[in-house]
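Report on the structure given below.
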Amino acid sequence: MVWCLSLAILSLIISQGADGRGKPEVVSVVGRAGESVVLGCDLLPPAGRPPLHVIEWLRFGFLLPIFIQFGLYSPRIDPDYVGRVRLQRGASLHIEGLRVEDQGWYECRVLFLDQHSPEEDFANGSWVHLTVNSPPQFQETPPLVLEVQELEPVTLRCVARGSPQPHVTWKLRGQDLGQGQGQVQVQNGTLWIRRVQRGSSGVYTCQASSTEGSATHATQLLVLGAPIIVVPPRNSTVNASQDVSLACQAEAYPTNLTYSWFQDGTNVFHISRLQSRVRILVDGSLRLQSAQPDDAGRYTCVPSNGLLHPPSASAYLTVLYPAQVIAMPPETPLPVGMPGVIRCPVRANPPLLFVSWTKDGQALQLDKFPGWSQGTEGSLLIALGNEDALGEYSCTPYNSLGTAGPSPVTRVLLKAPPAFVERPKEEYFQEVGRELLIPCSAQGDPPPTVSWAKVGRGLRGQAQVDSNSSLVLRPLTKEAHGRWECSASNAVARVATSTNIYVLGTSPHVVTNVSVVPLPKGANVSWEPGFDGGYLQRFSVWYTPLAKRPDRAHHDWLSLAVPVGAAHLLVPGLQPHTQYQFSVLAQNKLGSGPFSEIVLSAPEGLPTTPPAPRPPPTEMPPPLSPPRGLVAVRTPKGVLLHWDPPELVPQRLDGYVLEGRQGSQGWEVLDRAVAGTDVQLLVPGLIKDVLYEFRLVAFAGSYVSDPSNSANVSTTGLEVYPSRTQLPGLLPQPVLAGVVGGVCFLGVAVLVSILAACLMNRRRAARRRRKRLRQDPPLLFSPPGKSAPRSAPGSGSPDSVAKLKLQGSPVPSLRQSLLWGEPARPASPHPDPPPSRGPLPLEPISRGPDGRFVMGPTGVPPQEKPGAERAEPRTPARRLVRSFDCSSSSPSGAPQPLCIADISPVGPPPAAPPSPLPGPGPLLQYLSLPFFREMNCGWRLGPPLRSPPMSPLLDLMDIRVCSIPCTGLARRPEPEPELGIKSPEEGCLLDAARASGPEARCAALREEFLAFRRRRDASRARLPVYRQPAPHPEQATLL
């Protein structure tokens, strides 16, 4: 905000300086050629001794001042003014011997050396416009005698200068040509004859006249014409062997005529078959003896007198003869698998009627060959080249005069047509200056010839074809851009393929098809863009009047920018009925392309309608006409506008309104308070490198005039200051585009960051859910005689053993069944414990006299145990359970040695949720150990599965075994058994354990446990990990 306020204050200060004392006072001085004039300058102090200063007189358009005076030193004077200028009355400049070239703008500057300040230099100067009146003088005239050949254009330019500007007119044989008509055009003192005729010869007079006098100049135009053919030749028709005569007679000045005759563009004396039978007579006629069929054609007579472009006249000679075969080839190749033609080269006059064919000496019947037909010229059209076409053929042509006989025999052969082995791609993009190699190869019988050609405008010198028939462009130039065709041809057929080459890194190509539609006071220009060279291209329309005014000769071509993406533009503000030249230029970041072709067009005037009848006019004030002759001149301080007052003013001119615009934008009011007495105005505060257009509107009372003519001026290369109202200039378009792009990029970055964070949170939550679902469930055990519906995943997993801490048995009978071999009571149909049940007691564990851990008496009351024992039936299952105990079979509860020690009791397990499925509930907490799974103590496991690595908990278990070897069993290396299948050694140990005492059973248990570990390790190396979710809530592991 502070920066904008500071810039606004600076613009206000500059504008006040430009509108205040910086505004120059312009004085007009009029002089006559050859006389003297004084250009006043009153910048020196009126009285007193002036300070040390330098006086400079500058002329607009000159690089250096024309006069410099410093103190008492000799002045520095421009060579064109030496001896003609001196100072007078202080700083005024006295010019003697005025010339027409002296007319122009002069500026007086006085630089004070001892009190120099940049602020004073800005306003220290005065402008003077010098007008030199002189009689008309011709600056350019045509020669006195001008010889022009007939049918050529001629331009007679007559340029006169004077003050005021003289008016130039042309006269022929005393008659004023005015603006000319038809082939003769007169514009701005130039006479232009589009095509000179014999009647155009004569004396042309150029007259320049003004208020100061008149001047004339005469030019004689001589037309040197070529001969004129009086008697042209006529068409003739003769029979063969007859003589022919073609007449030709011409007139010319000078009369030294020479006749030449040509047959189809070739001189008859250069044709060997005509040299002995042709003669040219003195009157120009051609005589031909014993006409032959080859003599038919167009004969042209060309008379000449040594001048360029002689006339000519032609006639056709027709020779009648019977139909005949010209030259039948001995062999005719046909392409295999493609359509082919067996030609019969015939000529006939009168025209051919029909042709009869024979194959292998027999008349050819086309209806027996599907797809075969006969063309209009008598050739045989073969639909498909195969073995049916093989043979010897002969043709006989006929016309109204008969036939000259059959043709010689031609033999048809089958050949392989050209086929592309390697085709070029459809498009190639390559940077300019590099090498481009485009492959193209073909094969056939006979071998085809491969050639490259650029479609349209050819490329010379840079296109090469290597030994592999590939196109090599080295180096690649801008002219190589376009469509290229690769063709392969042999005696059988011709095939072609094409590709497009786009040359990148060049300036734009020329635009094409430029058209201009004239409109009232404007024109609509349209075109077709060319290739952009790989970069964004912009267009601009350039235009200028065809004939420029002498007083505005410095005005050259004007240009208008075209909006991006458009291929047309409306050019406004043109003068009606004036010829304009239009051209379109394309540009990109690498430069400008060539200008398009120049198109001429003249804007139309506004449509007019006949006025309606009005009553007799009454006393009305005259209308207000627009200002005249608006001219814009560039000065170091801005643009200086100069104009003439309106011709018709009703009462008193109140003032002017200045309007302006940039390029093709709308008109804006720049100044509403221009005084009616002003004829010039300085416009400061313009933008650099911009094309401006100004116009004036006069107003007097209630009358407002039409806009004046438009004055165009460009500020390119002019040191100017920004205007106060040019707010868009404060923020250039590139900076604005960068700010908008940065904001958009920041928004997109924030949006992408939010989406990425959401996605990562969702993935983290999914990983957590999967981790909770991957917890190892326990095995599913079922009682003997019943199998589980499915295998419990993770059964016997050492990992689950590591996570599971041994807890007290929730059912006392279950612990007795595991440790003492007693059968467990049947499970209750309702596995949920009663609410009043508390934590179940655990057996105490102590160390015995021999140092081993022993199990103390159970915490179950003594009265419950005998009842349980009495309730147990003696079954073989009970005996099987007891056979696996490691302690004595006494159930009295006395301390006995155990094989498993270091088992830490924990609290009772939490209550499990009720399950609708029947089966053992608390049993799962103890039977999930692989040690007990191998004991098969009254329970049967599911199918063996691979288990995770064994927990260190089992490795620390103290297993004591009484050493009772299994006799008669020899150990030898055997492959690891499958998990769940016992080896013969293990079977021997189990049998010995059943037959022996507790120590043998304990040793068998240990061996079986070690065998289980071996089988587990072997299966882990072969089987993939398989996990399955627990099918019942009872299978969940309590951590």
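Those letters in the sequence shown? Residues -20 to -1, 1 to 1019, per mature numbering (1 follows the signal peptide of the UniProt record, and there is no 0), in order. Every residue, glycine too, gets a C-beta built ideally from N, C-alpha and C. Keep in mind that this is a model prediction, so the values were computed, not measured.
Which partner residues does E372 have in the DSSP bridge list?
-> Within the sequence shown, the letter at position 392 stands for residue 372. In DSSP, E372 forms a bridge with R391.
In the DSSP assignment, find the unbroken beta strand (DSSP E) run with S495 in it and report its ends.
-> Counted from its first residue, the sequence shown places residue 495 at position 515. Start and end: T492 to L499.
How is Q713 classed by DSSP in three states: helix, strand or coil?
-> Here residue 713 corresponds to residue number 733 of the sequence shown, with the count starting at 1. In the structure shown, Q713 sits in a helix (DSSP, three-state: H, G or I).
Inter-residue Cα distance where the pair is A220 and L261 | On the sequence shown, position 240 is the one that residue 220 refers to. On the sequence shown, position 281 is the one that residue 261 refers to. Cα-Cα distance, rounded: 23 Å.
For V659, which three-state DSSP category applies?
-> Position 679 of the sequence shown, counted from the first residue, corresponds to residue 659. Three-state result, V659: coil.
Could you have a look at P315 and say whether DSSP puts it in helix, strand or coil?
-> Taking the sequence shown and counting its residues from 1, one reaches residue 315 at position 335. In the three-state reduction of the DSSP assignment, P315 falls in the strand class.
Exposed or buried, R752, counting other C-beta atoms within 10 Å across all chains shown (16 or more means buried)?
-> Numbered from its first residue, the sequence shown carries residue 752 at position 772. In summary, R752 is exposed, with fewer than 16 beta-carbon neighbours lying within 10 Å of its beta-carbon over all protein chains present.
Tell me which same chain residues have a C-beta within less than 7 Å of the C-beta of P428, skipping the five on either side of it?
-> Residue 428 sits at position 448 when you count from the first residue of the sequence shown. Around P428: P398, A422, A468, S469 and N470.
Cβ atoms of Y86 and residue 1097: under 8 Å apart, would you say?
-> Only positions -20 to 1019 of the chain appear in the structure, and residue 1097 is not among them; the question remains open.
DSSP state of N470, grouped into three classes?
-> One-based indexing of the sequence shown puts residue 470 at position 490. Note: N470 maps to coil in three-state DSSP.
Does the pairing of the stretch 167 to 180 with the stretch 122 to 138 give three or more beta-carbon distances under 8 Å?
-> At 8 Å Cβ cutoff, the stretches touch.
Ignore the nearest five residues each way along the sequence and tell me which others in M308's own chain have a CB closer than 6 Å to its CB.
-> The count along the sequence shown starts at 1 and reaches residue 308 at position 328. Hits under 6 Å: S387, P388 and T390.
Among P455, N448, V472 and Y482, the one whose alpha carbon lies nearest that of W464 = For the purposes of this step, residue 464 is identified with residue 484 of the sequence shown, where counting begins at 1. It is Y482.
By a C-beta neighbour count over all protein chains shown, 10 Å radius and 16 as the cutoff for buried, is G358 buried or exposed?
-> Here residue 358 refers to the residue found at position 378 of the sequence shown. Counting Cβ neighbours within 10 Å, G358 comes out buried, since at least 16 surround it.
Name the DSSP beta bridge partners of D156, please?
-> Here residue 156 refers to the residue found at position 176 when the sequence shown is read from its first residue. D156 pairs with K151.
Of the residues Y239, S292, V619 and D624, which one's Cα is nearest the Cα of L610?
-> As a position in the sequence shown, residue 610 is number 630, starting the count at 1. Looking at the Cα atoms, D624 is the closest of the given residues.
In whole angstroms, what separates the C-alpha of L676 from that of Q642?
-> As a working mapping, residue 676 is identified with position 696 in the sequence shown. As a working mapping, residue 642 is identified with position 662 in the sequence shown. Roughly 15 Å between the two C-alpha positions.
Hey, quick one: how far does the beta strand (DSSP E) through S576 stretch, first residue to last?
-> Mapped onto the sequence shown, residue 576 falls at position 596. Premise fails: S576 is in no beta strand (DSSP E) and is neither H nor E.
Beta-carbon contacts of T492 that lie in its chain and below 8 Å, excluding the five residues immediately before and after | Within the sequence shown, numbered from 1, the residue matching residue 492 stands at position 512. So the list reads W507, E508, G510 and S576, once near-sequence residues are dropped.
How would you call T657, buried or exposed, if buried means at least 16 neighbouring beta carbons within 10 angstroms?
-> Position 677 of the sequence shown, counting from 1, holds the residue named residue 657. By the neighbour-count rule (16 or more Cβ atoms within 10 Å), T657 is not buried but exposed.
Limits of the beta strand (DSSP E) - the one that Q49 falls within | Position 69 of the sequence shown, counting from 1, holds the residue named residue 49. Run containing Q49: F47 to F50, per the beta strand (DSSP E) assignment.
Enumerate in chain order the residues of its own chain whose CB-to-CB distance from G320 is below 6 Å, with the five nearest sequence positions on each side excluded.
-> Position 340 of the sequence shown, counted from the start, is the residue given in the question as residue 320. Result list for G320: L314, I362 and G365, in chain order.
Three-state secondary structure (DSSP) of S999 | Reading the sequence shown from its first residue, position 1019 is the one you call residue 999. The answer is helix: DSSP assigns S999 an H, G or I state.
In whole angstroms, what separates the C-alpha of S256 from that of S270?
-> One-based indexing of the sequence shown puts residue 256 at position 276. One-based indexing of the sequence shown puts residue 270 at position 290. The alpha-carbon atoms of S256 and S270 are separated by roughly 11 Å.
What number of angstroms, rounded off, separates the C-alpha of W37 from the C-alpha of S72?
-> Locating residue 37 in the sequence shown gives position 57, where the first residue counts as 1. Locating residue 72 in the sequence shown gives position 92, where the first residue counts as 1. Answer to the nearest angstrom: the Cα atoms are 9 Å apart.
Which residues in the same chain as D425 place their Cβ atom closer than 6 Å to its Cβ, once the five residues preceding and following it in sequence are excluded?
-> Sequence index remark: in the sequence shown, residue 425 carries index 445 (1-based). Here the set comprises K395 and A396.
Do you know offhand how far S999's Cα is from R747's?
-> The sequence position of residue 999 within the sequence shown is 1019, counting from 1. The sequence position of residue 747 within the sequence shown is 767, counting from 1. When rounded, the distance between both Cα atoms is 29 Å.
How should W432 be labelled, buried or exposed, when 16 other C-beta atoms within 10 angstroms of its C-beta is the threshold for buried?
-> Position 452 of the sequence shown, counted from the start, is the residue given in the question as residue 432. By the neighbour-count rule (16 or more Cβ atoms within 10 Å), W432 is buried.
Element boundaries [alpha helix (DSSP H), containing L254] = Here residue 254 refers to the residue found at position 274 when the sequence shown is read from its first residue. Taken as a continuous stretch (DSSP letters only), the alpha helix (DSSP H) holding L254 covers S252 to Q255.
Identified DSSP bridge partners for Y378 | Numbered from its first residue, the sequence shown carries residue 378 at position 398. Answer by DSSP bridge pairing, in chain order: F334.
Assumed close pair N113, V9 - CB separation to whole angstroms, cut-off 8 Å = Stepping through the sequence shown from its first residue, residue 113 is reached at position 133. Stepping through the sequence shown from its first residue, residue 9 is reached at position 29. Actually they are not in contact, since the Cβ atoms of N113 and V9 sit about 11 Å apart, beyond 8 Å.
Evaluate D82 with the Cβ neighbour count: other Cβ atoms within 10 Å of its Cβ, from every protein chain shown; 16 or more gives buried, anything less gives exposed.
-> Residue numbering aside, residue 82 sits at position 102 when the sequence shown is read from its first letter. It is buried - the Cβ of D82 has at least 16 other Cβ atoms within 10 Å.
Rounded C-alpha distance that separates S867 from M740 = Within the sequence shown, residue 867 is the residue found at index 887, counting from 1. Within the sequence shown, residue 740 is the residue found at index 760, counting from 1. Residue placement at S867 is flagged as unreliable, the pLDDT there being 39, under the threshold of 50; the coordinate-derived value follows with that caveat. Answer to the nearest angstrom: the Cα atoms are 58 Å apart.
Euclidean distance between Cα positions of D22 and G618 = Mapped onto the sequence shown, residue 22 falls at position 42. Mapped onto the sequence shown, residue 618 falls at position 638. Cα to Cα, the separation comes out at about 23 Å.
Inspect the beta-carbon positions of A527 and N168 and report whether they are closer than 8 Å.
-> For the purposes of this step, residue 527 is taken as residue 547 along the sequence shown, with counting starting at 1. For the purposes of this step, residue 168 is taken as residue 188 along the sequence shown, with counting starting at 1. Cβ distance < 8 Å, so A527 and N168 count as in contact.
For R414, I'd like the list of residues in its chain whose CB is within less than 8 Å of its CB, leaving aside the five on either flank, ordered along the chain.
-> Position 434 of the sequence shown, counted from the first residue, corresponds to residue 414. Closer than 8 Å at Cβ, skipping near neighbours: P455 and L456.
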